[in-house]
Amino acid sequence: MSKSKVLAATIVSALIGLFFLFCLGWAIIDHYGKRNSDMETIEESPIKNDLPDDFTVVALGDSLTRGTGDETGKGYVGLVVEELESEYNKKPLIHNLGINGQVSKELAQQVKQPEVKRQIQAADVILVTIGGNDLFQKGQTLLDYDSEATSELRRNYLENLHGIFKDINNVNDTATILLLGLYNPFIELDQDFDTNRIVRDWNNETAEVVALYKNAIFVPTFDIFQLSVNEYLYSDKFHPNQKGYRLIADRVAPLIKWEGEDR
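See the structure below:
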């Protein structure tokens, strides 16, 4: 073969090789460039909707709603509001209508009051703690335990609870209602009888009532205190301390969601 033919063949082969490398490089850039772009789209954080200026939390119930036992005075309600503010960069409106020592019969009467109904009507979220005073009666129910008497207390409480939920929904059936279950501050009395069973039965029947209302959620607290109850109780050995309220708030706050939908 002549030198000119060899040179021509070499040039052609080189051009073909360069063209192949060009095509390969273009394919790699096209493939991985699109892949990175897709990944960036997937990893992009969704835009959070800010709370509206009138987003309102109404708190009803007993001394746990008031935050008794928390030296800062915040209680779980105040801590929940703080977590919402941190999440949405805006503090919701809060109306804490809790009353120390309140029982379910008294709350059933309170939600019928015109001013309370007005505040419930404006609520986006309603937090409720009730039932502890119905059952425990400052510890006397469990100290002088009588199964028939306790069953009667539970029946009356459940009847009142139905009335409370119905009255709230008659005024506002779009607000989310979060009802906290009971914990057992008297676990040490289990040497005499099963206080845990009594509290669990009370909670189970309460949860069944709550399940009847589509806008209501039962929030358990029993397990939070079960293993280390004294660590999370105030000096009165009944109310939560600041750490106990923090645990409750950490369970409640994630259940409150705002997606920007109309109520």
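Residue numbering for the sequence shown follows the working numbering, starting at 93 and increasing by one per position. For glycine and all other residues, C-beta sits at the position ideal for the given N, C-alpha and C.
In the three-state scheme derived from DSSP, where H, G and I count as helix and E and B as strand, Val173 is classed as helix. Remark: C-beta atoms of Ala308 and Leu271 approach each other more closely than 8 Å. Gly153 is bridged by DSSP to Thr221. Just measuring C-alpha positions, the residue of Gly193, Glu323, Lys183 sitting nearest Leu152 is Gly193.
Residues Val203, Lys204 of the same chain have their beta carbon placed closer than 7 Å to that of Asp259, with the five preceding and five following residues left out of the count.
Counting only the Cα atoms, Asp142 lies some 38 Å from Leu319.
In this chain, Ile348 is not harboured by any beta strand (DSSP E), its DSSP state being neither H nor E. With respect to Thr298, Leu253 sits close: the two C-beta atoms are nearer than 8 Å. Distances from the CA of Leu250 to each of Asp238, Asp226, Lys230 were compared; the closest alpha carbon is that of Asp226.
Taking a 10 Å sphere around the C-beta of Ala267, we find 16 or more other C-beta atoms and assign the residue as buried. Counting along the chain, the unbroken beta strand (DSSP E) around Val311 starts and ends at 308 to 311. The three-state reading of DSSP puts Thr268 in strand, counting E and B together. For Pro144, the secondary structure class from DSSP, reduced to helix, strand or coil, is coil. For Leu234, the uninterrupted alpha helix (DSSP H) run begins and ends at 232 to 235, by DSSP.
In this structure, the beta-carbon distance from Gln213 to Val263 falls below 8 Å. In the structure shown, Ile260 adopts helical secondary structure according to DSSP, grouped into three states. Within the segment 303 to 343, the complete beta strand (DSSP E) segments at least 3 residues long are 308 to 311, listed from N- to C-terminus. Counting along the chain, no beta strand (DSSP E) covers Leu189, and no H or E run does either. Relative to Arg338, the option among Thr148, Arg210, Glu175, Lys306 whose CA is nearest is Glu175.
Spatial neighbours of Leu325 in its own chain (CB-CB distance under 8 Å, excluding positions within 5 residues in sequence) are listed in chain order as Gly161, Pro277, Phe317, His331, Pro332, Asn333, Gly336.
Looking at Phe147, Asp154, Glu300, the one whose alpha-carbon comes closest to that of Val173 is Phe147.
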